[in-house]
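What follows is a single structure, written as structure tokens, with notes after it.
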Amino acid sequence: DAGVIQSPRHEVTEMGQEVTLRCKPISGHDYLFWYRQTMMRGLELLIYFNNNVPIDDSGMPEDRFSAKMPNASFSTLKIQPSEPRDSAVYFCASSPRDEASTDTQYFGPGTRLTVL
Amino acid sequence: AQKITQTQPGMFVQEKEAVTLDCTYDTSDQSYGLFWYKQPSSGEMIFLIYQGSYDEQNATEGRYSLNFQKARKSANLVISASQLGDSAMYFCAMRDTGGFKTIFGAGTRLFVKA
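Protein chains in written order, with the numbering used here: chain C, 1 to 116; chain D, 1 to 114.
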């Protein structure tokens, strides 16, 4: 089975530009998560969805960040306008609500974003 | 508030030896899950092992085992027979089973020496 797919893998953009990160979760997983990883702050949960509905976006840093999940197989994280401090690795993860209730999250390969 | 603490920024271990990576957590929840992930230099996050707060036995997955001491709020990862490919960053994480919000520790970088 294919794992979580993220695109692009690397993105370099200039300050002020709009950036869109994309994610395809594992088929059949009900939950989708967006994380940001930086050296200073480690791995932070930005937002998560259940059945395409945003459940908790308290980790979204500010209004410049938005996330959508129009269907069960696709999600986007958008930054508009981007700033140098947004430079980080952005991970998407998905999780089933499995019978064992471990609800393990499986991560995509990440998108390394550099804002100049 | 929930918190995960990994006190070892870096660890060295000789190939074929066992190593323990420490993790302590703080939560007021009675039901929660504990996870360990591996992040090699290539950057992906790889799930290793899970322990539920009500599980009476320590979790094991191949060479990985989780030393769960609930009263001490610790969930240490034990890697037996270390291999060069085990060199990576290791993250401990906790999720309350009432929701899906997961918090991660700062990580421990493991170096396996030949």
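Backbone N, C-alpha and C define an ideal beta-carbon position, used for all residues, glycine too.
Everything numeric in this text was worked out from a predicted model, so none of it was measured.
At what residues does the beta strand (DSSP E) containing residue i begin and finish?
| i | result |
| --- | --- |
| Arg54/D | The sequence shown places Tyr at residue 54/D, rather than the Arg named in the question. Looking at the DSSP string, Tyr54/D is not in any beta strand (DSSP E), and its letter there is neither H nor E. |
| Ser74/D | Ser74 to Ile79 |
| Ser66/C | Phe65 to Asn71 |
| Val4/C | No beta strand (DSSP E) holds Val4/C; DSSP gives it neither H nor E. |
| His10/C | His10 to Thr13 |
| Cys23/C | Val19 to Lys24 |
| Ser82/C | Element bounds for Ser82/C: n/a, residue is neither H nor E. |
| Ala88/D | Ala88 to Asp96 |
| Cys92/C | Ala88 to Ser95 |
| Met11/D | Gly10 to Gln14 |
| Arg112/C | Thr111 to Val115 |
| Lys113/D | Thr108 to Lys113 |
| Gly42/C | Gly42 to Asn50 |
| Arg63/D | From DSSP, Arg63/D is part of no beta strand (DSSP E); its letter is neither H nor E. |
| Thr104/C | From DSSP, Thr104/C is part of no beta strand (DSSP E); its letter is neither H nor E. |
| Pro61/C | Unbroken run through Pro61/C: none, as it is neither H nor E. |
Rounding to the nearest angstrom, what Cα-Cα distance links residue i and residue j in this structure?
| i | j | result |
| --- | --- | --- |
| Gly39/D | Gly16/C | At residue 39/D the sequence reads Gln, which differs from the Gly that was named. Between Gln39/D and Gly16/C, the C-alpha separation is close to 31 Å. |
| Arg63/D | Met45/D | 18 Å |
| Lys78/C | His29/C | 22 Å |
| Ser53/D | Thr24/D | 13 Å |
| Glu14/C | Val78/D | 44 Å |
| Ile49/D | Cys92/C | 19 Å |
| Ser82/D | Met89/D | 14 Å |
| Ser87/C | Val53/C | 27 Å |
| Ile47/C | Pro70/C | 15 Å |
| Thr114/C | Ser31/D | 39 Å |
| Ala1/D | Asp96/D | 11 Å |
| Phe49/C | Asp29/D | 22 Å |
| Leu57/C | Tyr31/C | According to the sequence provided, residue 57/C is Asp. The question's Leu does not apply to it. Cα to Cα, Asp57/C sits roughly 14 Å from Tyr31/C. |
| Asp26/D | Trp36/D | 16 Å |
| Ser82/C | Asp22/D | 37 Å |
| Gln57/D | Met39/C | 35 Å |
| Pro9/D | Pro8/C | 30 Å |
Assign residue i to one of two classes, buried (16 or more other C-beta atoms within 10 Å of its C-beta) or exposed (fewer than that).
| i | result |
| --- | --- |
| Leu34/D | buried |
| Val12/C | exposed |
| Asp86/D | buried |
| Ala93/D | buried |
| Lys70/D | exposed |
| Thr108/D | buried |
| Arg36/C | buried |
| Thr111/C | buried |
| Gln80/C | exposed |
| Pro25/C | buried |
| Ala59/D | buried |
| Ser75/C | buried |
| Ser80/D | exposed |
Would you mind giving the Cβ-Cβ distance between residue i and residue j, rounded to the nearest angstrom? I have them listed as a contact below 8 Å.
| i | j | result |
| --- | --- | --- |
| Ser95/C | Asp103/C | 5 Å |
| Phe104/D | Leu43/C | 4 Å |
| Leu21/C | Thr102/D | About 19 Å separates the two Cβ atoms, so there is no contact after all. |
| Phe47/D | Tyr106/C | 6 Å |
Margin query: Any contact between the region 64–82 of chain C and the region 69–85 of chain D? By contact I mean 3 or more CB pairs, one from each, below 8 Å.
Written below: Judged by Cβ distances under 8 Å, the region 64–82 of chain C makes no contact with the region 69–85 of chain D, as fewer than three pairs qualify.
Notebook entry, point to check: Would you call the region 7–14 of chain D and the region 101–114 of chain D touching, i.e. three or more CB-CB distances under 8 Å?
Noted result: yes
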